[in-house]
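For the sequence shown, the residue numbers in this note's numbering are 281 to 356. Everything below concerns the one structure shown next.
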Amino acid sequence: MHLIRFPRITINHAVIIFDAKEDPKSIILSIYDPNQPSAPRTLIYDRATRTFNFPANDYFPGGRVDVYEIYKGWLY
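In structure tokens:
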């Protein structure tokens, strides 16, 4: 997935989603972040606001991000 914050670009990054857990309020996506490969990270989809939130880390202050699928499989 491509993570970006537009129009003020505070993040422009790609991650790999490998797992998801759902509850009534959100979907918590487990991701591989090549900038922090030591452990899985999370990306959270808030069902009420229909937005994605990416937690703060050493290269992003945290907050809402826009998310786009960039690759689904070799038959894409």
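Note that the Cβ used here is the ideal one computed from N, Cα and C, for glycine as well.
- Counting only residues of its own chain and dropping the five nearest sequence neighbours on each side, Pro341 has a CB closer than 8 Å to the CB of Thr290.
- Ile324 is the residue among Ile324, Val295, Phe286 whose C-alpha sits nearest the C-alpha of Lys301.
- Cβ-Cβ distances below 8 Å link Arg321 to Val295, Ser310, Ile311, Tyr312, Asp313, Pro335, Asn337 in the same chain, with the five nearest sequence neighbours on each side left out; the list follows chain order.
- For Pro287, the closest C-alpha among the options Arg327, Val345, Tyr351 is that of Val345.
- For Asn292, the enclosing beta strand (DSSP E) stretches over residues 292-294.
- For Pro304, the closest alpha carbon among the candidates His293, Asp326, Asn315, Arg285 is that of Asp326.
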